[in-house]
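A.B. asks: Got a structure here, written out as structure tokens. Questions coming.
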Amino acid sequence: MYRKAILSGLAAVCLGFSCAGPALAQQYRLNLYEGPAVGSKDWREPLVVHPKDGGEDRYNTTQPRLQVFLPEPGKADGAAIVLLPGGGLRVLSMGADMHKTIALLNAKGVAVIVLEYRTLQRTPAQIAQSTVPRPPVARPAEFPKMEIRNANANPAPDDPALNKVLHLAVTDGQAALRLVRSKAAQWHIDPDRVGMFGTSAGGGVAFGTMMAGEEGAMPDFIISNFGPALQDITVPQHAPPLFLMTEAWHGPVTDGLVDLFQMWIGQRKPAELHVFDVPNFSMTPDLWGQRLINWMVERGLLRRTPE
Numbered sequence: 001m002y003r004k005a006i007l008s009g010l011a012a013v014c015l016g017f018s019c020a021g022p023a024l025a026q027q028y029r030l031n032l033y034e035g036p037a038v039g040s041k042d043w044r045e046p047l048v049v050h051p052k053d054g055g056e057d058r059y060n061t062t063q064p065r066l067q068v069f070l071p072e073p074g075k076a077d078g079a080a081i082v083l084l085p086g087g088g089l090r091v092l093s094m095g096a097d098m099h100k101t102i103a104l105l106n107a108k109g110v111a112v113i114v115l116e117y118r119t120l121q122r123t124p125a126q127i128a129q130s131t132v133p134r135p136p137v138a139r140p141a142e143f144p145k146m147e148i149r150n151a152n153a154n155p156a157p158d159d160p161a162l163n164k165v166l167h168l169a170v171t172d173g174q175a176a177l178r179l180v181r182s183k184a185a186q187w188h189i190d191p192d193r194v195g196m197f198g199t200s201a202g203g204g205v206a207f208g209t210m211m212a213g214e215e216g217a218m219p220d221f222i223i224s225n226f227g228p229a230l231q232d233i234t235v236p237q238h239a240p241p242l243f244l245m246t247e248a249w250h251g252p253v254t255d256g257l258v259d260l261f262q263m264w265i266g267q268r269k270p271a272e273l274h275v276f277d278v279p280n281f282s283m284t285p286d287l288w289g290q291r292l293i294n295w296m297v298e299r300g301l302l303r304r305t306p307e
């Protein structure tokens, strides 16, 4: 049996997150696998959790789990999203912006399942170095130019450790889709309207899950929040609709998503791309949230017209 805890009254219990902002309707937590996850049994670095930005950063995820946020029963539309946090495959960044996105989607009747997928093992010294506060910058970061082929924007394509963890994260993505669909009746979800929403490296996990192409483990749609593919992409015969967002000055991320968009429309597959000349646009859904909801309605992914 999957271990499950039902948590209610989120105004009082926020599971370590800030209680500020919109309350979420319901939350469940459950392990993705019944026993130890295959492929990471010998990992020894312990899980490290750092509070951050109304949420947390999670390092050394070895045992994947799901956080399930269901909309109020009267609002449930049947659509569901497996949400994949970002963090360069080295950390899961789960801050206040993620919870704002969940609240937006829940309010429109969409179930959101956050997947804590496996990330690269990091030593205490490496974690300490990565958590040193960075000074504010007055101008956008400069990214090295990178040749994009087949929409692959992986900055370290020959790194064996990162390639292994990407493979494991994709395995987790497939298992999450299968588990969500198996809970369709219980969670009032339409198993034919289960998509993925990837932020940063989470987008790479979503596209990797799509490219694995296994029956029952294909996303019905993909939303990418500056999350490019981290491997070579070909357009599947039954390509899922894409909703892509990025910043104008995000280097290979922007170039990779533009290339991905061109691949889709070149094959007459549904795709929509938004390139914002707005720094840190991804930190809040205020800029792109309503357009995303409208797109979901237009694509038939939301069956009701949201209030």
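Numbering (the numbering used here), first residue to last: 1 to 307. Positions of the beta carbon are idealized from the N, C-alpha and C atoms, including for glycine. All values reported here derive from a predicted model rather than from experimental measurement.
(1) Helix, strand or coil for Ser282 per DSSP?
(2) Counting beta carbon pairs with one atom in the segment 140-157 and one in the segment 53-69, are three or more of them shorter than 8 angstroms?
(3) Which of the three DSSP states is assigned to Asn377 in this structure?
(4) Please state the DSSP three-state secondary structure of Leu89.
(5) Roughly how far, in whole angstroms, is the beta-carbon of Phe276 from the beta-carbon of Leu260, given that I think they are within contact range, below 8 angstroms?
(6) State the DSSP-derived secondary structure class of Val253, mapped to helix, strand or coil.
(7) How many angstroms separate the CA atom of Gly86 from the CA atom of Pro160?
(8) Can you tell me where the beta strand (DSSP E) holding Val82 begins and where it ends?
(9) Using the beta-carbon count (16 or more within 10 Å), is Gly216 buried or exposed?
(10) Assign Gln174 to buried or exposed, taking buried as 16 or more other Cβ atoms, counted over all protein chains shown, within 10 Å of its Cβ.
(11) Which term fits Asn154, buried or exposed, when burial requires 16 or more other beta carbons within 10 angstroms of its beta carbon?
(12) Between the C-alpha atoms of Pro191 and Val132, what's the straight-line distance to the nearest angstrom?
(13) Per DSSP, which one or two residues make a beta bridge with Arg58?
(14) Give the secondary structure of Asn294 by DSSP, where H, G and I count as helix, E and B as strand, and everything else as coil.
(15) Pop quiz: Asp53 and Gly95 are said to be a contact at Cβ under 8 angstroms. What is the actual Cβ separation, rounded to whole angstroms?
(16) In three-state terms, what does DSSP make of Val165?
(17) So Gln267 packs on Val297, CB below 8 angstroms; how close in whole Å?
(18) Taking C-alpha atoms, which residue in Gly109, Gly39, Leu105 and Tyr59 lies nearest to Arg304?
(19) Can at least three beta-carbon pairs, one atom from the segment 117-127 and one from the segment 65-76, be found at a separation below 8 angstroms?
(20) Rounding to the nearest angstrom, what Cα-Cα distance links Phe221 and Ile81 in this structure?
(21) Just to confirm my understanding: we take Gly213, look at its own chain, exclude 5 residues before and 5 after, and list those with CB closer than 8 angstroms. What are they?
(22) Where does Pro22 sit, in a helix, a strand or coil, going by DSSP?
(23) Let me check understanding here. Comparing Cα to Cα, which of His238, Met98 and Leu177 lies closest to Lys269?
(24) Does the Cβ-Cβ distance between Val112 and Leu92 come in under 8 angstroms?
(25) Would you mind giving the Cβ-Cβ distance between Ala169 and Leu89, rounded to the nearest angstrom? I have them listed as a contact below 8 angstroms.
(26) Considering only their Cβ atoms, is the gap separating Gly227 from Ala248 smaller than 8 angstroms?
(27) Would a C-beta distance cut-off of 8 angstroms place Gly195 and Ile223 closer than the cut-off?
(28) Shortest alpha-carbon distance to Asp77 belongs to which of His50, Ala107, Trp43 and Val48?
(29) So Ser40 is in the alpha helix (DSSP H); what residue range does that whole segment cover?
(30) Only counting the same chain, and skipping five residues up and downstream in sequence, which positions put a Cβ closer than 7 angstroms to that of Val180?
C.D. replies: If we stick to the structure as given:
(1) As a working mapping, residue 282 is identified with position 282 in the sequence shown. Ser282: helix per DSSP, three-state reduction.
(2) no
(3) Here the chain comprises residues numbered 1 to 307, so residue 377 is not present and cannot be evaluated.
(4) For the purposes of this step, residue 89 is identified with residue 89 of the sequence shown, where counting begins at 1. Coil at Leu89, not helix or strand.
(5) As a first step, residue 276 must be located in the sequence shown, where it is residue number 276. As a first step, residue 260 must be located in the sequence shown, where it is residue number 260. Not quite, the Cβ-Cβ distance comes to about 17 angstroms (not below 8 angstroms), so this is no contact.
(6) Sequence index remark: in the sequence shown, residue 253 carries index 253 (1-based). Three-state DSSP puts Val253 in a helix.
(7) Indexing the sequence shown from 1 puts residue 86 at position 86. Indexing the sequence shown from 1 puts residue 160 at position 160. Going by the C-alpha atoms only, they are around 20 angstroms apart.
(8) Taking the sequence shown and counting its residues from 1, one reaches residue 82 at position 82. Ala80 to Leu84 is the span of the beta strand (DSSP E), which, as asked, contains Val82.
(9) By 1-based counting over the sequence shown, the position of residue 216 is 216. So Gly216 ends up on the exposed side.
(10) Reading the sequence shown from its first residue, position 174 is the one you call residue 174. Buried, since its Cβ has 16 or more Cβ neighbours within 10 Å.
(11) As a first step, residue 154 must be located in the sequence shown, where it is residue number 154. When all chains shown are included, Asn154 counts as buried.
(12) Here residue 191 is taken as the residue at index 191 of the sequence shown, counted from 1. Here residue 132 is taken as the residue at index 132 of the sequence shown, counted from 1. Cα to Cα, the separation comes out at about 43 angstroms.
(13) Looking up residue 58 in the sequence shown gives position 58. Answer by DSSP bridge pairing, in chain order: Val49 and Leu92.
(14) Position 294 of the sequence shown, counted from the first residue, corresponds to residue 294. The answer is helix: DSSP assigns Asn294 an H, G or I state.
(15) Along the sequence shown, read from residue 1 onward, the residue named residue 53 stands at position 53. Along the sequence shown, read from residue 1 onward, the residue named residue 95 stands at position 95. About 4 angstroms; that satisfies the 8 angstroms criterion.
(16) Taking the first residue of the sequence shown as position 1, residue 165 is located at position 165. In this structure, Val165 counts as helix in the three-state DSSP scheme.
(17) Translated into positions along the sequence shown, residue 267 becomes position 267. Translated into positions along the sequence shown, residue 297 becomes position 297. Rounded, the Cβ-Cβ distance is 24 angstroms, inconsistent with contact.
(18) Here residue 304 corresponds to residue number 304 of the sequence shown, with the count starting at 1. Looking at the Cα atoms, Gly109 is the closest of the given residues.
(19) Counting Cβ pairs under 8 angstroms, fewer than three are found: no touch.
(20) Position 221 of the sequence shown, counting from 1, holds the residue named residue 221. Position 81 of the sequence shown, counting from 1, holds the residue named residue 81. Their backbone Cα atoms lie some 9 angstroms apart in a straight line.
(21) For the purposes of this step, residue 213 is taken as residue 213 along the sequence shown, with counting starting at 1. Answer for Gly213: Pro236, listed in chain order.
(22) Indexing the sequence shown from 1 puts residue 22 at position 22. Confidence in Pro22 is poor, its pLDDT being 46 and thus under 50, which makes the residue's placement too unreliable to answer from.
(23) For the purposes of this step, residue 269 is identified with residue 269 of the sequence shown, where counting begins at 1. Checking every option, the nearest Cα to that of Lys269 belongs to His238.
(24) Taking the first residue of the sequence shown as position 1, residue 112 is located at position 112. Taking the first residue of the sequence shown as position 1, residue 92 is located at position 92. No, they are not a contact pair.
(25) To locate residue 169, count along the sequence shown from 1; it is residue 169. To locate residue 89, count along the sequence shown from 1; it is residue 89. Yes, Ala169 and Leu89 are in contact; Cβ-Cβ is about 7 angstroms, under 8 angstroms.
(26) Residue mapping note: residue 248 aligns to position 248 of the sequence shown, counting from 1. Residue mapping note: residue 227 aligns to position 227 of the sequence shown, counting from 1. No, the pair does not count as a contact, with Cβ atoms beyond the cut-off.
(27) Counting from 1 along the sequence shown, the entry for residue 195 is found at position 195. Counting from 1 along the sequence shown, the entry for residue 223 is found at position 223. Yes.
(28) Your numbering for residue 77 matches position 77 in the sequence shown. Looking at His50, Ala107, Trp43 and Val48, the one whose alpha-carbon comes closest to that of Asp77 is Ala107.
(29) What you label residue 40 is simply residue 40 of the sequence shown in a count that begins at 1. Counting along the chain, Ser40 falls outside any alpha helix (DSSP H), and DSSP gives it neither H nor E.
(30) Here residue 180 is taken as the residue at index 180 of the sequence shown, counted from 1. Cβ within range, chain order: Ala80, Val82, Ile113, Ile189 and Val194.
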